[in-house]
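**Student:**
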Amino acid sequence: MSWEPELNELRHREAFAEQLGGPARVQRQHDGGRLTIRERLAKLVDPGSFHELGKIAGTAAYDAANDLAAFTPSNFVFGRASLDGRPVVVGGDDFTVRGGSADATLKDKHLMCEQMANELRLPLIRLVEGSGGGGSVKTIETTGRANVPGVAGWEWVVANLGTVPRVALGLGSVAGLGAAHLAAAHYSVMIKELSALFVAGPPVVERLGQKLTKNELGGWEIQLRAGAVDDAVDTEEEAFARARRFLSYLPSSIDALPPRGPRDDDPARREAWLLEAVPRDPRKPYKMRAIVEAVVDRGSFFEIAPLYGRPVITGLARLDGWPVALMAGDPFFYGGTWTADACQKVERFVDLAQTFHLPVVHLVDCPGFLI
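Taking our numbering, the leading residue of the sequence shown gets 28, the next gets one more, and so forth.
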């Protein structure tokens, strides 16, 4: 007896899932200058490497003959893939299905995504564009009641922060639970003029008496200066490239050592100008980033959180191919004096280095603490 009818039915349902929220909503996503989740995954991972899990999870509608007439997929797509040849777990929100809201998804998919990364000891990349949604009108319609939303499975997010590299890319408006996922990452990126991050959006704030645009409320400059997000770029493709580069410095988990990168810079190289880089006058500032670039392997310095805690420069780099965590004082901001946010920045950064076994290189120029 052939299983062909069942396989045909499976392919039929998968075809529905690939339509996402439908042509009109996909077009609206494109009109807003944003890719769909499936387009994002295709651009992020190695070609042909994405293996999706739970593709046909969603809500089905049947006709009078009990044949499948329509299908709305869960608005979270995830699976395993390769990134520059390394296995990873990737997952992202589908904004074309109820704006990526959490009450339109199947929570078990989010849970399985986090759990899989933890158990397989694989880096996790979350593509975030959506909201929370607990207690919404949709919740009342489906359950008959409103509620204060729980965060089922968040313990896996916390566990992953101490186990595997966790990268989050905010690729549109991100609120509620989505905001929590963007913040709970070792490295996070927003898209300039396109992404926004907040607990609740402008309509909620307006009801409290203040009318703000999404960028005024939670645009990239605000969040980078607050330290909620590490970096901002102009396009989604740049965000994907930043994610790949960040992960290239880190092991797949705490059970491995950081991978050695290219060794195309002679470790015996000397830059004569470094002898004059630091002025004798202690009141005269100098460009620390140029010194950093000269000390590490050429082109290997990857700065993290450049607009937060600015008296301290932090980033990943390589020395003779080996990844290191590098921090340095920046005399152009308070003379390198550590402010409260600079201290928090250092704490986060050293924790990252300790978690993933990175040696710490510190170029010290710190006259004290700013009280």
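Every residue, glycine too, gets a C-beta built ideally from N, C-alpha and C. Quick caveat, the model's predicted, so the values are computed rather than measured.
1) When you compare each of Glu79, Leu95, His78, Leu80 to Thr86 by their alpha carbons, which one comes out closest?
2) Beta strand (DSSP E) containing His389: first to last residue?
3) In terms of residue numbering, what span does the beta strand (DSSP E) encompassing Asp120 cover?
4) Could you spell out where the beta strand (DSSP E) holding Arg193 opens and where it closes?
5) Count Cβ pairs between the region 95 to 113 and the region 179 to 189 that sit closer than 8 Å; are there 3 or more?
6) For the region 51 to 84, list the beta strand (DSSP E) runs that are entirely contained and at least 3 residues long, ordered along the chain.
7) Output the distance between the C-alpha atoms of Val256 and Ser76, rounded to the nearest integer angstrom.
8) The beta strand (DSSP E) with Thr341 in it runs from where to where?
9) Can you tell me the Cα-Cα spacing of Ala219 and Pro32, whole angstroms?
10) Measure the C-alpha to C-alpha separation of Val420 and Ile281 and round it to an integer number of angstroms.
11) Just to confirm the assignment: which complete alpha helix (DSSP H) runs, minimum length 4, are found wholly within the region 242 to 324?
12) Taking the alpha carbon of Arg290 as the reference point, which residue from Ala344, His39, Glu45, Val72 has its own alpha carbon closest?
13) Decide if Ser158 is buried, meaning its Cβ has at least 16 other Cβ atoms within 10 Å, or exposed.
14) Starting from Phe376 and walking both ways along the beta strand (DSSP E), at which residues does that stretch end?
15) Val185: which of Leu397, Ala304, Leu138, Asp357 sits nearest, CA to CA?
16) If we count the other Cβ atoms within 10 Å of its Cβ and call it buried at 16 or more, is His78 buried or exposed?
17) What are the start and end residues of the alpha helix (DSSP H) that includes Met217?
18) Tell me which same chain residues have a C-beta within less than 8 Å of the C-beta of Leu37, skipping the five on either side of it?
19) Is the number of C-beta pairs between the region 333 to 343 and the region 294 to 314 that are closer than 8 Å three or more?
20) From the DSSP output, in three-state form, read off Pro358 for me.
21) According to DSSP, is Phe329 part of a helix, a strand, or is it coil?
22) Quick one: what does DSSP say Gly336 is sitting in, helix, strand or coil?
23) Kindly say whether Asp392, judged by its beta-carbon, lies nearer than 8 Å to any beta-carbon of chain C.
24) Would Gly189 be called buried (16 or more neighbouring beta carbons within 10 Å of its own) or exposed?
**Tutor:** The relevant details are as follows:
1) Taking the sequence shown and counting its residues from 1, the one referred to as residue 86 is at position 59. Of the listed residues, the one whose Cα sits closest to Thr86 is Leu95.
2) Translated into positions along the sequence shown, residue 389 becomes position 362. Element bounds for His389: 387 to 390.
3) Taking the first residue of the sequence shown as 1, we reach residue 120 at position 93. Asp120 -> beta strand (DSSP E) spans 113 to 120.
4) As a first step, residue 193 must be located in the sequence shown, where it is residue number 166. Where Arg193 is concerned, the enclosing beta strand (DSSP E) stretches over 193 to 197.
5) They do not touch, by the three-pair rule.
6) The qualifying runs are 78 to 80.
7) Residue numbering aside, residue 256 sits at position 229 when the sequence shown is read from its first letter. Residue numbering aside, residue 76 sits at position 49 when the sequence shown is read from its first letter. If I take the Cα positions, the gap works out to 28 Å.
8) In the sequence shown, the residue the question calls residue 341 occupies position 314. First-last of the beta strand (DSSP E) with Thr341: 339 to 346.
9) Position 192 of the sequence shown, counting from 1, holds the residue named residue 219. Position 5 of the sequence shown, counting from 1, holds the residue named residue 32. Note that residue 219 is Lys in the sequence shown here, rather than Ala. Taking the straight line joining both Cα atoms gives about 48 Å.
10) Nothing in the structure corresponds to residue 420, since the chain is present only between 28 and 398.
11) For the region 242 to 324, whole alpha helix (DSSP H) runs of length 4 or above, ordered along the chain, are 247 to 253, 263 to 275, 315 to 322.
12) Within the sequence shown, residue 290 is the residue found at index 263, counting from 1. For Arg290, the nearest C-alpha among the options comes from Ala344.
13) The residue labelled residue 158 in the question sits at position 131 within the sequence shown. Burial is judged here by how many other beta carbons sit within 10 angstroms of a residue's own beta carbon; Ser158 has at least 16 and is buried.
14) The count along the sequence shown starts at 1 and reaches residue 376 at position 349. Per DSSP, Phe376 belongs to no beta strand (DSSP E); it is in the alpha helix (DSSP H), 367 to 382.
15) Within the sequence shown, numbered from 1, the residue matching residue 185 stands at position 158. Taking each of Leu397, Ala304, Leu138, Asp357 in turn and checking the Cα distance to Val185, the smallest one comes out for Leu138.
16) If you number the sequence shown from 1, residue 78 lands on position 51. His78 comes out exposed.
17) On the sequence shown, position 190 is the one that residue 217 refers to. Run containing Met217: none in the alpha helix (DSSP H); it sits in the beta strand (DSSP E), 214 to 218.
18) For the purposes of this step, residue 37 is identified with residue 10 of the sequence shown, where counting begins at 1. Result list for Leu37: Ile83, in chain order.
19) Taking 8 Å as the limit for Cβ pairs, the verdict is that the region 294 to 314 does not touch the region 333 to 343.
20) Locating residue 358 in the sequence shown gives position 331, counting from the first residue. Coil, per DSSP.
21) Looking up residue 329 in the sequence shown gives position 302. Strand.
22) The residue labelled residue 336 in the question sits at position 309 within the sequence shown. Residue state, collapsed to three classes: coil.
23) In summary, chain C is missing from the structure at hand, where a single protein chain is found.
24) The count along the sequence shown starts at 1 and reaches residue 189 at position 162. Residue environment for Gly189: exposed (fewer than 16 other C-beta atoms within 10 angstroms of its C-beta).
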